[in-house]
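Residues in the sequence shown are numbered consecutively from 336, following the numbering used here. We put the beta carbon where it would ideally sit given N, CA and C, even for glycine. Since the structure comes first, as structure tokens, the remarks are kept for the end.
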Amino acid sequence: MFSKIERTTYLPGERPLMVFDGNCGFCKYWVIRWKKISGLEVDYKPYQKVAKNFKDISEQHFKEAVRYIDLEGNVFTGPDAAYITYFNKNKVKFLHLWYIEKTWFRNLSDFAYQFIADHRDTMSKITIRLFGKNPANPKPYWKYYLLGLIVLIVSLSILM
Numbered sequence: 336m337f338s339k340i341e342r343t344t345y346l347p348g349e350r351p352l353m354v355f356d357g358n359c360g361f362c363k364y365w366v367i368r369w370k371k372i373s374g375l376e377v378d379y380k381p382y383q384k385v386a387k388n389f390k391d392i393s394e395q396h397f398k399e400a401v402r403y404i405d406l407e408g409n410v411f412t413g414p415d416a417a418y419i420t421y422f423n424k425n426k427v428k429f430l431h432l433w434y435i436e437k438t439w440f441r442n443l444s445d446f447a448y449q450f451i452a453d454h455r456d457t458m459s460k461i462t463i464r465l466f467g468k469n470p471a472n473p474k475p476y477w478k479y480y481l482l483g484l485i486v487l488i489v490s491l492s493i494l495m
């Protein structure tokens, strides 16, 4: 399981910073999606380039999970790093609030995040099947899969 870090004494600069694994295709795909949501309000940098700037966060911590560092030095980790990105743009604000306030949601989010992190290659393939190869212009392929599943279930129920 990834470890959580509350704060860093090193500030990110002019904007909050999302630090991710620059060697991970799955991570890069979702960073492109997050950039589209957050616009210029958040900087995105691979840990391989910025870990040295945060001397109180080990490189191993950056390898474990994405880290969102706000302008006050607060560090949000893993799923909450993603949620806080949405929170800043007032998109799905409740996700970050639920993560903080609801233990069951935090535990579920952490479990799901760790599962995805442990299976990045498979999750990358699933992501591409659900949303297409271009993260800047996702396609709603998941809707077709859902429709196909509904048709299959209805067909099977009629045949039985």
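Residue i versus residue j: straight-line alpha-carbon distance, rounded
i: P473; j: F466; result: 5 Å
i: S338; j: L487; result: 42 Å
i: I419; j: K478; result: 27 Å
i: F355; j: A452; result: 12 Å
i: G348; j: W365; result: 23 Å
i: F411; j: R402; result: 6 Å
i: I463; j: R455; result: 12 Å
i: W433; j: E341; result: 18 Å
i: M353; j: T438; result: 24 Å
i: R441; j: D415; result: 8 Å
i: I461; j: V427; result: 23 Å
i: I435; j: A417; result: 13 Å
i: S444; j: S459; result: 18 Å
Rounded distance between the beta-carbons of residue j and residue i, thought under 8 Å
i: N388; j: Y345; result: 6 Å
i: D405; j: P351; result: 5 Å
Backbone secondary structure at residue i - three-state DSSP
i: V401; result: coil
i: L346; result: coil
i: F469; result: One point to set straight first is that residue 469 is Asn, not Phe, in the sequence displayed. N469: coil per DSSP, three-state reduction.
i: P381; result: strand
i: F505; result: In the structure displayed, the chain extends from 336 to 495; residue 505 sits before or after that span and is not available.
i: M353; result: strand
i: N409; result: strand
i: K474; result: coil
i: F446; result: helix
i: S338; result: coil
i: H454; result: coil
i: C359; result: coil
i: V489; result: helix
Buried versus exposed call for residue i [16 or more other C-beta atoms within 10 Å across all chains shown]
i: P475; result: exposed
i: M495; result: exposed
i: E399; result: buried
i: A492; result: The sequence shown places Ser at residue 492, not Ala. By the 10 Å Cβ count, S492 comes out exposed.
i: S393; result: exposed
i: A471; result: exposed
Near the ligand NAD: residue i beta-carbon under 7 Å from a heavy atom
i: S492; result: The model on display carries no ligand, and the ligand NAD is accordingly not part of it.
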